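To start, the structure itself, in structure tokens.
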């Protein structure tokens, strides 16, 4: 686009102005589309005129050449529709598809710039809907405005101009009866829309009930609540049936009433035109009677068509506003112009760091001061909500301290281009994230030219090589959507291999072995213990047995470090860590 969609201000302006901006770079394509549409759609109002001329030629026994000329024009007007329609679709499609592509490109570019705080507050399904549905709504709005809108406007303008030239005295009849007929049909259509919405609401309720029933089947069957579940579903089905019958009955009345009204209005136009021709009240030829009757039907249809486009246009404009919420979000991670790091040693220092989430009153972390250097493993333990995840997100740079500072190799993280920092960080989340590709593609994600030797070493270090080699296609085995073809433990081992193959200077394991059995966990710990010697490692652990060899264990409680030290030192304190550890030993025994 002429100006980046990321720079344009979508909110705070009228949506039609925004729409004009979106179409700015495509105005040539849209202008040509309008021209070719007007030509290709001309038969709608030219053919009735030529038909009227030929009827008059026949009745009045005029020159045969007049009949030949009108016949020739009739054929030409029909045939031109084919090439002009192709040209119209070509330019319209090019303009709309370019807008569609530019909008989606701008959206995904902005999503890669937004801070992680935005994604924590925003539902993933909503983001997906903006990229797919909202852009699709705008595309549909433009397409319907072009197809239906131009057809209606061309029809109205063409019919009124020809009528004004041929029978100007008849225009008042059109201008009174057409709007009255169209308004009555539009009013009935609005009532039909309300009935449709009510039926759709019952369908959605039924869908939710079915989803809830299938989810609760184990609970329902375990507690012999089948009759209660069935009663709920029968009631929902009955409501859908009742709403459906009501909708069908109304639609039957609406369709029949609209048809009768349309035909009666058309008949009234025809009768009045014949009366004028018969009595000489208005000088009208036989052909013009046919012309006026045809135009009357077109005028009513065009007005109704324009009214039917309003919901689609409104939906598209709302989608423009919806996209503006993402494209203009101030919650952006600023990296441009900041210092880039090409090498990282891995010395991290928290200096009196506090953090508070905007939507929460309490501090998530309170006055944390801790340092870590290469070769050290810092373990974070504590109950849910103690601040472990917040601590990790601050290390990665997903969050910024509310107070204090975090330094990497002596540089304040806020002064660094975090994109260059994260090239030296690997994270293994608690829930492994795999995409629908091969094992090799998942492990080497984002890395080009990975040798099979490097891949096998990473798999071996993650204790995953054994099960991978037993698969039919080995490292080329497809894992399925979100790794559906693998067990939880297998997915987690691949996630660990993905982190290790990058040879990071900073490694973060967020309960990375929680999905593994004790034996697999022990094997992985043994395998990666050597690898961790030159890395700065942070481990969030639920099973305290996994962090006994940590250089330092931080016990967090309500955002504060209440205890700090090695495993043996904390046991000697006989405090919160010792209490947690003893309880886990009892639970596991």
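Numbering (the working numbering), first residue to last: 76 to 664. Even for Gly, the Cβ is constructed at its ideal location relative to N, Cα and C. None of these values were measured; they are calculated from a predicted model.
query, result
"Mapping the DSSP letters down to three states, classify residue 189 as helix, strand or coil.", "strand"
"Does chain B have any CB closer than 8 angstroms to the CB of residue 299?", "Here there is only one protein chain, and chain B is not present."
"Cβ atoms of residue 450 and residue 609: under 8 angstroms apart, would you say?", "yes"
"Does residue 658 pass the burial test, meaning 16 or more other C-beta atoms within 10 Å, or should it be called exposed?", "exposed"
"Determine the burial state of residue 132: buried for a count of at least 16 other Cβ atoms within 10 Å of its Cβ, exposed for fewer.", "buried"
"Measuring alpha carbon to alpha carbon, tell me which residue in 371, 419, 389, 150 is nearest residue 484.", "419"
"According to the Cβ coordinates, are residue 527 and residue 606 closer than 8 angstroms?", "no"
"For residue 116, is the classification buried or exposed, using 16 other Cβ atoms within 10 angstroms of its Cβ as the cut-off for buried?", "buried"
"Distance check for residue 520 and residue 490, CA to CA, integer angstroms please.", "28 angstroms"
"If you run the structure through DSSP and keep just helix, strand and coil, what is residue 545?", "coil"
"Are there 16 or more other CB atoms within 10 angstroms of the CB of residue 585, so buried, or fewer, so exposed?", "buried"
"Determine the direct distance from the alpha carbon of residue 206 to that of residue 179, and round the result to whole angstroms.", "6 angstroms"
"Where does residue 539 fall in DSSP's three states?", "coil"
"On the CB-based measure, 16 or more other CB atoms within 10 Å of its CB, does residue 209 come out buried or exposed?", "buried"
"Thinking C-alpha only, which one of 581, 647, 477 is nearest residue 498?", "581"
"Provide the residue span of the alpha helix (DSSP H) that contains residue 150, from first to last.", "139 to 154"
"Any idea which residues DSSP pairs residue 447 with across the strands?", "423"
"In chain order, what residues of the same chain have a beta carbon less than 7 angstroms from the beta carbon of residue 543, not counting five sequence neighbours either side?", "514, 534, 549, 550"
"Pick from 141, 111, 169: whose alpha carbon is nearest that of residue 101?", "169"
"Which same chain residues end up closer than 6 angstroms to residue 281 when comparing Cβ atoms and leaving out the 5 residues on each side of it in sequence?", "311, 315"
"Rounded to a whole number of angstroms, what is the C-alpha to C-alpha distance between residue 562 and residue 164?", "50 angstroms"
"How long is the line joining the alpha carbons of residue 62 and residue 455, rounded to whole angstroms?", "The question about residue 62 has no answer here: the residues shown for the chain are numbered 76 through 664."
"If you follow the alpha helix (DSSP H) that residue 345 is part of, which residue opens it and which one closes it?", "301 to 354"
"Can you name the residues that DSSP bridges to residue 366?", "According to DSSP, residue 366 bridges with nothing at all."
"Beta-carbon within less than 8 angstroms of residue 357's beta-carbon, same chain only, minus the 5 sequence neighbours each way: which residues are those?", "242, 244, 245, 351"
"Can we say the region 385 to 401 touches the region 569 to 583, given the rule of at least three CB pairs closer than 8 angstroms?", "no"
"Which of helix, strand or coil does DSSP assign to residue 651?", "helix"
"Considering only the beta carbon of each residue, do residue 347 and residue 248 sit closer than 8 angstroms?", "yes"
"Compare the Cα-Cα distances from residue 216 to each of 238, 389, 291, 297 and report the closest residue.", "389"
"Assign residue 229 to buried or exposed, taking buried as 16 or more other Cβ atoms, counted over all protein chains shown, within 10 Å of its Cβ.", "buried"
"If we count Cβ pairs, one from each stretch, closer than 8 angstroms, do we get three or more for the region 366 to 382 versus the region 219 to 238?", "yes"
"Roughly how many whole angstroms lie between the Cα atoms of residue 445 and residue 438?", "17 angstroms"
"Please give the ranges of any beta strand (DSSP E) in the region 494 to 540, keeping only runs that are unbroken, at least 3 residues long and fully inside the region.", "500 to 503"
"Hey, how far is the Cα of residue 500 from the Cα of residue 614?", "13 angstroms"
"Going by C-alpha to C-alpha distance, which of 309, 371, 538, 343 sits closest to residue 565?", "538"
"Return the CA-CA distance between residue 287 and residue 430, expressed in angstroms with no decimal places.", "38 angstroms"
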